[in-house]
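Down below is the structure, laid out as structure tokens.
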Amino acid sequence: MPQRPAVHLAVPVDDLAAARSFYGQVLGLAEGRSTDHWVDWDFADHQLVTHLVRVAPQPAGTSLVGQHAVPIPHYGLLLDEWRFHQFAERLRSAGVRFDIEPHRRFPGEPGEQWTMFFRDPAGNALEFKSFRDESMVFAR
Numbered sequence: 573m574p575q576r577p578a579v580h581l582a583v584p585v586d587d588l589a590a591a592r593s594f595y596g597q598v599l600g601l602a603e604g605r606s607t608d609h610w611v612d613w614d615f616a617d618h619q620l621v622t623h624l625v626r627v628a629p630q631p632a633g634t635s636l637v638g639q640h641a642v643p644i645p646h647y648g649l650l651l652d653e654w655r656f657h658q659f660a661e662r663l664r665s666a667g668v669r670f671d672i673e674p675h676r677r678f679p680g681e682p683g684e685q686w687t688m689f690f691r692d693p694a695g696n697a698l699e700f701k702s703f704r705d706e707s708m709v710f711a712r
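Under our numbering, the first residue of the sequence shown carries the number 573, and numbering increases by one thereafter.
Structure representation (structure tokens):
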């Protein structure tokens, strides 16, 4: 039986204990296999691996999207709207500082979406978003 494609994403972190706390406790991801220098996470049925490195990653810069300077690089997930808002509240309750607060982007356009940006303890930027109409994710 064919399986749906899954993404494997590896990100650098400079403190594995901080990564465990953030990804496991704050984001609520289930921990998978691990060693003393990497941890697998269940990222909505995709594999996210935090790899210990000596120096925290440095952002490449930003890219203007709408009215906001979006951090580059970044990664994240598409959520349904209810889950997006529930997740935003979880982050607020945990004291996560947003680079870009949860807000609606491109209202009335095909790509209308809720989006938010924040960083993990190593400085990796994450974006979580929710499209008004999921069939419009790749619409032009």
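Even glycine gets a Cβ: it sits at the ideal position worked out from N, Cα and C.
Residues that residue i bridges to, as DSSP identifies them
{"i": "Leu766", "result": "This structure leaves residue 766 out entirely; the chain is present only between 573 and 712."}
{"i": "Ser606", "result": "Val611"}
{"i": "Glu699", "result": "Gly648, Phe689"}
{"i": "Gln619", "result": "His580, Asp614"}
{"i": "Arg676", "result": "Trp686"}
Alpha-carbon to alpha-carbon, residue j and residue i
{"i": "Asn696", "j": "Gly680", "result": "31 Å"}
{"i": "Arg691", "j": "Gly604", "result": "22 Å"}
{"i": "Gly596", "j": "Val621", "result": "12 Å"}
{"i": "Arg712", "j": "Val637", "result": "15 Å"}
{"i": "Leu663", "j": "Leu599", "result": "8 Å"}
{"i": "Val625", "j": "Phe656", "result": "31 Å"}
{"i": "Ala594", "j": "Pro629", "result": "A small fix is needed here, since residue 594 is Phe in this sequence, not Ala. Straight-line Cα distance between these residues: approximately 16 Å."}
{"i": "Arg676", "j": "Pro631", "result": "25 Å"}
{"i": "Ala660", "j": "Trp654", "result": "10 Å"}
{"i": "Gly667", "j": "Pro577", "result": "34 Å"}
{"i": "Leu601", "j": "Phe615", "result": "6 Å"}
{"i": "His640", "j": "Gly633", "result": "13 Å"}
{"i": "Ser606", "j": "Ser635", "result": "34 Å"}
Residue i and residue j closer than 8 Å at C-beta
{"i": "Val627", "j": "Asp652", "result": "no"}
{"i": "Met688", "j": "Glu673", "result": "yes"}
{"i": "Arg704", "j": "Glu684", "result": "yes"}
{"i": "Val709", "j": "Leu650", "result": "yes"}
{"i": "Trp686", "j": "Ser665", "result": "no"}
{"i": "Pro682", "j": "Ala590", "result": "no"}
Integer Cβ distance of residue i from residue j, believed to fall under 8 Å
{"i": "His618", "j": "Val583", "result": "That pair is no contact at about 12 Å."}
{"i": "Trp610", "j": "His623", "result": "5 Å"}
{"i": "Asp671", "j": "Pro645", "result": "Actually they are not in contact, since the Cβ atoms of Asp671 and Pro645 sit about 13 Å apart, beyond 8 Å."}
{"i": "Tyr647", "j": "Leu698", "result": "6 Å"}
Residue i Cβ short of 7 Å to the ligand FMN heavy atom set
{"i": "Ala589", "result": "You won't find the ligand FMN in this model; it holds no ligand whatsoever."}
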